[in-house]
Structure formats: C-alpha cells, structure tokens
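Structure first, commentary second.
Protein chains: 2
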Amino acid sequence: MLSDTNGSQPKGFMSHDHSGCVSAALAAADKACADRKVQFTAVRRRTLEILLEAHAALGAYDVLARLDADGFGAKPPVAYRALSFLVDQGFVHRIERLNAFVACAHPDTVHNPAFMICRACGTVAEAQASDGGLGPSAETSGFQIEQTVIEAEGLCPLCQDGTT
Amino acid sequence: MLSDTNGSQPKGFMSHDHSGCVSAALAAADKACADRKVQFTAVRRRTLEILLEAHAALGAYDVLARLDADGFGAKPPVAYRALSFLVDQGFVHRIERLNAFVACAHPDTVHNPAFMICRACGTVAEAQASDGGLGPSAETSGFQIEQTVIEAEGLCPLCQDGTT
DNA sequence: CCAATCCTGTTATGATATAACATATCACGG
DNA sequence: CCGTGATATGTTATATCATAACAGGATTGG
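Here it is in structure tokens:
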C-alpha cells in the first residue's frame, strides 16, 4: 500500500523546507487554470493539495480515502476523475510502475518527465528525461512518438545502507 | 487462438517471415533453461509459445484463457506464475503501460529493453534502450539505478494514415 | 527409494479502474 | 436575470488486474 501522510518528505532525495511549496504550487495551478479557462474546482484543488502534502506517490484509493474524509465523495470515480484532470493539466504525473500519482515537481515548464523510484522507501524523484534513446529506432522504423514513459527503479541515497 | 501460423505478422513494424521464429525462440529458451538448470515445464513452455505466436502484447488473462483451453489450470496464478518465470528468465517482458506481456525479441543478448507501443493497433516493438537520460540526475542525487522502464506511445507507420 | 524442493492448481480475496446514469452547478448569450 | 448547453459531481454496478495461502503432485539428488 502506498501511503505517507507526514509533512516533511524528501524532495528529489534531499530533504528541504517544504512549508511554502504546497501553497505556491496551488497558486500556480490556480493561475494556470484561470489562463486556460478550465475549472479548478474544490475536489480538484484538494486532490492536488493532498498529493503536494504527501510529497510522495499515492494510489488513487489513498487519495480517495482522504477526499472522503474531507466530505467529498467516497466512490472511485471521484478520485479518478480529479486525478485524470490534474494529469491532463500537467499538475500531476502517473507512475505506471506503481499505479500511483505524484504531484509534478516542475509544473510551470513544459517537460518530459522521468522518474527515479526507490524500491526500499518508495520515494519518487522527478527528473528531466530524454527520449530514452528511442529516437534512432523510431526514425528507422517510422514510428511517431507522442509520449515516453521513463521510470527507473533502484535505491535512493538514504536507502543504500542497511537495506537489501 | 492459434490463428497466426501464417508467415506474415509485423515484427518491429515491418512485416517479416515469422514461420520459423517461434520454434527457434522456443529452442533457444530450452537451451537457456538447461544451461541455467531451471525447469522449462509444459505450462511455461506453452506460455512462451502463446506469446511468440501472438507476436503482440497479451494480458495475463488472455494468456490464461489459452492455457485453460489447452488443459492447463484456469485460475489466475497459473498464468501469473508462468509469466513471472518467463520474465525472470528474460524470455518475456512486461509492458507496464498496458499491463501486458510480450515475448522478448532478443532473448539471447543481455539488454535493456525499450518499447514503442502503437496506440491505434496496439502493436509493440522492442528496441534497444538507453538509461532514458537519467544518468546525470541519478549521479547528482546519488540514486542507484537498477532497472529502467522505457515505453513510448505513438503511432506505428501503418497507422499513421486514416487512423485517429 | 526417500526426502527436500520445486511446481501446479485451487479457493479466496484484494487492488485497480471504468461504464453508465441521474443530479447539480457553471458560463454565457439573450 | 434567466434559460440553456456544457461541464462537473456523486452513485451503482461491474470490469480488470493481481496475489496470499494452502493442498497435492512431480523432480531431483543423495
């Protein structure tokens, strides 16, 4: 199960002061939605906030439990729809490997995200991606790449000690 | 469903003579298992054969249905165990994006696979991967990469015409 | 040929995700 | 300010993907 509720998780893999970054990210999302004329409704805003606070990848049902606790609906579509909106807007990324969602670390810039997933502690760090070396193969075969998922699994610096 | 004993399914995205490649791959797996002293049992062999014949990514339950039809067990663990063995041995890859499995296109060489997935026809082509450009980020942060999933989604050459 | 190990198949359940529908809210032109 | 079409919410129900735990059977190696 993916869950993590405390308020000071590593970012990248370095600990950092996390106090202001939730509200900053929310404000940025507010602005982006206004610009794009899409509705940043209460569930959506709260869903993003949940992911920002967790500062970790959460499963849809983890998010759902929190939304439920806050008085939003308790049924899966409530969470999936909000998450899907946030992913579409680029505020959140889906981690295929974990069937989980994580708040975007660089919501303001267009980017092709890649992730490093610690198999011991579950922390997910976002990095800038390349095309995964697929460019040449794609060109040779005529495949038209629209999106590339890049997810590395391994051990984060903090887990390289005792952990197997 | 053994519909594809004919000789022209796409490989990569180019059609190719596919007639001998199933038995060749099975023979290679036979040998590899003998070398490694692991049991290449009937379910496992048939599971690999199913994926080779399909020459496409199949879900675990698709594989299971075929195994069932062949008189092997009909319950999920039967398929998941065989698939998990084949993945461990490197004969099959899991496509995270599709929750599906595909026979390895280069079973004899150690490789870091990457995939191109056509969103129109579902065909999956295997290519050689890089680390997805994560090397620098990983080094900076001290993350120790063990494995990288690289899956590109887009349109294969055959689907770039009328298809949405 | 016995025992340890590995493999198979089962029951049962858990975890993830979406379809389809009814109601509510919003955005905006009239 | 009100109607109307588009959008969002919440529900029921169900689909899809995956594994834990156990009993019995096959293999292998002494």
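Order-wise, the sequence lines are chains A and B. Here the first sequence stands for residues -4 to 159, where the numbers follow my numbering. Here the second sequence stands for residues -4 to 159, where the numbers follow my numbering. From the three backbone atoms N, C-alpha and C, an ideal C-beta is built for every residue, glycine too.
Asked                                                                                                                                                                         : Found
List in chain order: all unbroken alpha helix (DSSP H) runs of 4+ residues lying wholly within the segment 48 to 90 of chain B.                                               : 55 to 64, 71 to 84
Kindly indicate which residue of A:F67, A:V119, A:D57 has the alpha-carbon position closest to the one of R40 of chain A.                                                     : A:F67
Going by alpha carbons, who is nearest to E48 of chain A out of A:R89, A:A77, A:V97, A:K70?                                                                                   : A:V97
Of the residues B:P102, B:H101, B:I140, B:D156, which one's Cα is nearest the Cα of R114 of chain A?                                                                          : B:I140
Identify each residue in the segment 88 to 109 of chain A for which the Cβ-Cβ distance to at least one residue of chain B is less than 8 Å, and report them in chain order.   : E91, R92, A109
Between S34 of chain A and the rest of its own chain, which residues show a CB-CB distance below 8 Å, the 5 nearest in sequence each way excluded?                            : Contrary to the premise, residue 34 of chain A reads as Gln rather than Ser in this sequence. Answer for Q34 of chain A: C28, listed in chain order.
Taking only the alpha-carbon atoms, compute the straight-line gap between G15 of chain B and E148 of chain A and give it to the nearest angstrom.                             : 36 Å
Which residues does DSSP pair with A133 of chain A in a beta bridge?                                                                                                          : According to DSSP, which records beta bridges pairwise, A133 of chain A is partnered with nothing at all.
Please report whether the beta-carbon of A124 of chain B lies at a distance below 8 Å from any beta-carbon of chain A.                                                        : yes
First and last residue of the beta strand (DSSP E) that includes L21 of chain A?                                                                                              : L21 of chain A -> not in any beta strand (DSSP E); alpha helix (DSSP H) instead, spanning 16 to 31.
Is the CB of V144 of chain B under 8 Å away from at least one CB in chain A?                                                                                                  : yes
Identify the contact partners of C151 of chain B in chain A, using a Cβ-Cβ distance below 7 Å as the criterion.                                                               : F138
Could you tell me whether the Cβ atoms of T42 of chain A and A69 of chain A are closer together than 8 Å?                                                                     : no
Does any residue of chain A bring its CB to less than 8 Å from the CB of S79 of chain B?                                                                                      : no
Given this structure, state the Cα-to-Cα distance separating D63 of chain A from T36 of chain A, to the nearest angstrom.                                                     : 16 Å
Which class does P108 of chain B belong to by DSSP, given the choice of helix, strand or coil?                                                                                : strand
Go ahead and label G128 of chain B buried or exposed: buried means 16 or more other beta carbons lie within 10 angstroms of its beta carbon, across all protein chains shown. : buried
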